[in-house]
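For reference, the structure discussed in these notes is given below.
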Amino acid sequence: MGNNKGIPIIKVEDISYKYSKDLVLEDVSLQVPQGAFLAIVGPNGSGKSTLLKLILGVLKIQKGEVELFGQPIRQFKDWQKIGFVSQKANSFNTGFPATVFEVVLSGLTKKIGLFKIPRKEHKKKVVKALESVGMLSFKDRNIGELSGGQQQRVFIARSLVSEPELMILDEPTVGVDQKNVQQFYEILDMMNKQLGITLILVTHDVATVTDKVTHVACINKTLHFHGDACEYNELNEEELSSIYGHGVQLLSHNH
């Protein structure tokens, strides 16, 4: 990884954002060091997805500053360093006529070039990505035949195939059953610890991942808590309630 160790991979400074008159984020600042696994948590409508869209350049910054890999987002061009996995499992068109192999290969479209023939090295990368998420034996299956959890593992492989340094996942386990959720988090753990990929995970299910994440950020319009996972685990119910209002049951630690 060519990144300077001292520079945070993401730096968000004093970000505020409003849709028409509704302020959804207010003066949010946080940094994500290289190699971190950050969980972003908060109730529905707390601004988590808006923050991701600002980091990914999908929304234009209204106030504040975002830096990626040490560069202001306006100047940042190296988008292949960043992988993104959304809540696809919940809404994927099951009639889509593509094999698992083809879906993952499509993650290399930029590198291969549109309508160009993939070379042997590209196919090797697809095999490696599918192996790392335990889906190689499904490579010839139609993506629409898979369960939600299996589809999400394929979408992770699609992001992995271009060898990103940062992976952002927006509630990727929505619509995935509990057994597959555990396997899914094991894969994220492996990507972070073995492949050295910095991860940002927006989740409602932080109690399930606190043994895997390194940092937690609690957002409810403003940033209420940002620290390492151990500090977060030590918050009592009262402190969590003050962040979440009535949403504290989402974060019970009795797993």
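Just so we're aligned: 159 in full-length UniProt numbering is position 159 of the sequence shown, and the numbers increase by one with no gaps anywhere. Even for Gly, the Cβ is constructed at its ideal location relative to N, Cα and C. The model shown is predicted, which means the values in this text are computed figures rather than measured ones.
### Query
Are there 16 or more other CB atoms within 10 angstroms of the CB of Y185, so buried, or fewer, so exposed?
buried
### Query
Can you list, in chain order, the residues of its chain whose CB lies under 8 Å from that of Q87, leaving out five sequence neighbours each side?
D170, E171, P172, V174 and G175
### Query
If you scan the region 102-162 from start to end, which runs of the alpha helix (DSSP H) of 4 or more residues do you find wholly inside it?
109-112, 120-132 and 148-160
### Message
Give the list of continuous alpha helix (DSSP H) stretches no shorter than 4 residues that lie fully inside the region 10-82.
### Response
48-55
### Message
If contacts are defined as beta-carbon pairs under 8 Å, then L130 and V104 qualify, I think. What distance do you get, rounded to the angstrom?
### Response
6 Å
### Query
For the beta strand (DSSP E) that contains F184, what are its first and last residues?
Careful: F184 lies outside any beta strand (DSSP E), inside the alpha helix (DSSP H) at Q178 to K193.
### Message
Please classify C230 as buried or exposed, where buried requires at least 16 other C-beta atoms within 10 Å of its C-beta.
### Response
exposed
### Message
If you reduce the DSSP assignment to three classes, tell me which class V174 lands in.
### Response
coil
### Query
Between L30 and L51, what straight-line distance do the alpha-carbon atoms span, to the nearest angstrom?
11 Å
### Query
Which whole-angstrom value is the C-beta distance of S159 and F101, which I expect to be below 8 Å?
15 Å between Cβ atoms; not a contact.
### Task
Assign E238 to one of two classes, buried (16 or more other C-beta atoms within 10 Å of its C-beta) or exposed (fewer than that).
exposed
### Query
Beta carbon of T210, beta carbon of V28: below 8 Å?
no
### Task
Using 10 angstroms around the beta-carbon of I9, count the other beta-carbons present and answer buried if the total reaches 16, otherwise exposed.
buried
### L23 burial status per 10 Å Cβ neighbour count (16 or more: buried)
exposed
### Query
Roughly how many angstroms separate the alpha carbons of K139 and Q152, rounded to a whole number?
14 Å
### Query
Going by alpha carbons, who is nearest to Q75 out of Q62, V216, G57 and L108?
G57
### Query
Between which two residues does the alpha helix (DSSP H) containing T208 stretch?
V206 to V209
### Message
Alpha carbons only, please: which of Q34, G35 and K48 is nearest the one belonging to I219?
### Response
K48
### Message
Looking only at its chain, what residues have a beta carbon closer than 7 Å to the beta carbon of L25, apart from the 5 residues adjacent to it on each side?
### Response
I15, S16, Y17, G47, T50, L51 and K221
### Message
Is the separation between the beta-carbon of I40 and that of V161 shorter than 8 Å?
### Response
no
### Query
Under the DSSP definition of a beta bridge, which residues are partnered with I219?
L223
### Residues near T99 in its chain [Cβ-Cβ closer than 8 Å; skip 5 each side]
K139, D140, R141, N142 and I143
### Message
Going by DSSP, what residue range makes up the alpha helix (DSSP H) through N233?
### Response
A229 to N233
#### Entry: Classification of residue 259 by the beta-carbon crowding that lies within 10 angstroms, buried from 16 upward
Coverage of the chain is limited to positions 1 through 255, which leaves residue 259 absent and any answer about it impossible.
### Task
Put V100 into one of helix, strand or coil per three-state DSSP.
helix
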